[in-house]
Structure formats: C-alpha cells, structure tokens
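Q: Per the numbering used here, residue 19 is the first one in the sequence shown, and the count goes up by one each step.
A virtual CB, placed ideally from N, CA and C, is assigned to each residue, including glycine.
Structure below; questions to follow.
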Amino acid sequence: MRRSEAEGLPVFIRIEGAFIEGEGAAGDGERVVSELLGTYHAADGIHLIQYEDVKAGTPERNLIRADERTLYYKRTGCGPMIFRAGEVHSLSYGTEYGAIEMDIKTLYYSLGSSEGLPGIKARYELIMGGVSSGIRELEITLKSRTAYLYSIS
Numbered sequence: 019m020r021r022s023e024a025e026g027l028p029v030f031i032r033i034e035g036a037f038i039e040g041e042g043a044a045g046d047g048e049r050v051v052s053e054l055l056g057t058y059h060a061a062d063g064i065h066l067i068q069y070e071d072v073k074a075g076t077p078e079r080n081l082i083r084a085d086e087r088t089l090y091y092k093r094t095g096c097g098p099m100i101f102r103a104g105e106v107h108s109l110s111y112g113t114e115y116g117a118i119e120m121d122i123k124t125l126y127y128s129l130g131s132s133e134g135l136p137g138i139k140a141r142y143e144l145i146m147g148g149v150s151s152g153i154r155e156l157e158i159t160l161k162s163r164t165a166y167l168y169s170i171s
C-alpha cells in the first residue's frame, strides 16, 4: 500500500539543544536531546515536520517549517520561534506560571541535507527582559522510519 503525499513520510526526529555561553552555561557541550516520531513533507523548497509531544499527560502538536532563509518552530503554548540569521524575533513562551516574553537573536542558521532529509542548525542569543541569558544552539535531524524498518527486516 502506497502512502499518499498528504500523509507525509514517517520519520524519527532528533532535536538537540545546548547552552553554549553565558552565566550558568555548562561549557562542556552537554546537550539536551529529544527523540520523537513525526512526519515530514517537502514541496517547493519548504520542509515541514510535524510531531506530537506529551506534556503533563496532554498531547501537544508541534510544527517545524524550514527553508533556505528561515526556521519557524511552533510549539503548543508558545509563540512561534523564528530563526533568521542577523534578525531578532520576539515571542511569548507559556509556562505553568504564566507567559515569559523573550527575544531570539539568530547568529547563525543553516539548512543542509543528509540521506535526502533536511538537517537544521541554528545558533542564537536568548534575551529575556532585555537581558541576555546566553548563547544557545539548536540542531534538528531526521531519519526515515520506513528506511529503518527495511534495514532491520
């Protein structure tokens, strides 16, 4: 049975984040890693990744949209995080204690490819209340779940 284009390609999503510089930074390259299941779609140079994450027992739908210039990352309860090199974007980040207003100043952004799937990297300064809370990195990689299943059969 063939999968329709609307369903997308089933993928493993690996999202890594690191606190690189600033007060409280580990400085040792320690990374926070999330590994999730989702779907991937691509058309006209735009890459869409969708996945669900469970927070406090409630499923949350998330969207990552990437092209050559911009990474748009929308998580439930959070304004969209927009990464575009050399630009600053503001957002409201929802927590159980209320919203936190912050700015993301993108220092570096790249969209690469491995095995026909996108690889996304961003380095940014996170600013809260007008004060820098340090330099951080975000890396998103995908692997085809279909290719994985064929490789172990």
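Any contact of the segment 107-120 with the segment 155-164, i.e. 3+ C-beta pairs under 8 Å?
A: Verdict: no, contact absent.
Q: With distances taken Cα to Cα, identify the nearest neighbour of Arg87 among Ile31, Phe101, Pro77 and Glu114.
A: Working through the sequence shown from its first residue, we reach residue 87 at position 69. Of the listed residues, the one whose Cα sits closest to Arg87 is Phe101.
Q: Using a Cβ-Cβ cutoff of less than 6 Å, which residues in the same chain neighbour Gly35 once the five nearest sequence positions on both sides are dropped?
A: As a first step, residue 35 must be located in the sequence shown, where it is residue number 17. Hits under 6 Å: Val50 and Leu156.
Q: Ignore the nearest five residues each way along the sequence and tell me which others in His65's own chain have a CB closer than 6 Å to its CB.
A: To locate residue 65, count along the sequence shown from 1; it is residue 47. These residues qualify, in order along the chain: Ala84 and Pro136.
Q: Looking at Ile82 and Met120, is the spacing between their C-beta atoms short of 8 Å?
A: Sequence index remark: in the sequence shown, residue 120 carries index 102 (1-based). Sequence index remark: in the sequence shown, residue 82 carries index 64 (1-based). No. Outside cutoff.
Q: Which residues mark the beginning and the end of the beta strand (DSSP E) in which Glu105 is found?
A: Working through the sequence shown from its first residue, we reach residue 105 at position 87. From DSSP, Glu105 is part of no beta strand (DSSP E); its letter is neither H nor E.
Q: Who are the Cβ neighbours of Met99 in its own chain at under 7 Å, not counting the five residues just before and after it?
A: By one-based count along the sequence shown, residue 99 stands at place 81. Contacts found: Tyr91, Leu109 and Ile122.
Q: If you draw a straight line from the alpha carbon of Phe30 to that of Ser131, how long is it in whole angstroms?
A: Here residue 30 refers to the residue found at position 12 of the sequence shown. Here residue 131 refers to the residue found at position 113 of the sequence shown. For Phe30 and Ser131, the distance between alpha carbons rounds to 15 Å.
Q: Could you check where the beta strand (DSSP E) with Arg49 kicks off and where it finishes?
A: Along the sequence shown, read from residue 1 onward, the residue named residue 49 stands at position 31. Counting along the chain, the beta strand (DSSP E) containing Arg49 begins and ends at Arg49 to Ala61.
Q: Judging by CA-CA distance, which residue of Thr76, Gly26, Ile38 and Pro28 is the nearest neighbour of Gly152?
A: Position 134 of the sequence shown holds residue 152. Nearest C-alpha to Gly152: Ile38.
Q: On the criterion of 16 or more Cβ atoms from any shown chain inside 10 Å, does Tyr69 qualify as buried, or is it exposed?
A: By one-based count along the sequence shown, residue 69 stands at place 51. When all chains shown are included, Tyr69 counts as buried.
Q: Would you mind working out which of Thr94, Tyr127 and Pro28 sits nearest Ala117, comparing C-alpha positions?
A: Along the sequence shown, one-based indexing puts residue 117 at 99. With distances taken between Cα atoms, Ala117 lies closest to Thr94.
Q: Would Ile33 and Ser52 be called neighbours here (beta carbons separated by less than 8 Å)?
A: Residue 33 sits at position 15 when you count from the first residue of the sequence shown. Residue 52 sits at position 34 when you count from the first residue of the sequence shown. Against a cut-off of 8 Å, the Cβ pair of Ser52 and Ile33 comes out as a contact.
Q: Could you spell out where the beta strand (DSSP E) holding Arg87 opens and where it closes?
A: By one-based count along the sequence shown, residue 87 stands at place 69. Run containing Arg87: none; DSSP gives neither H nor E here.
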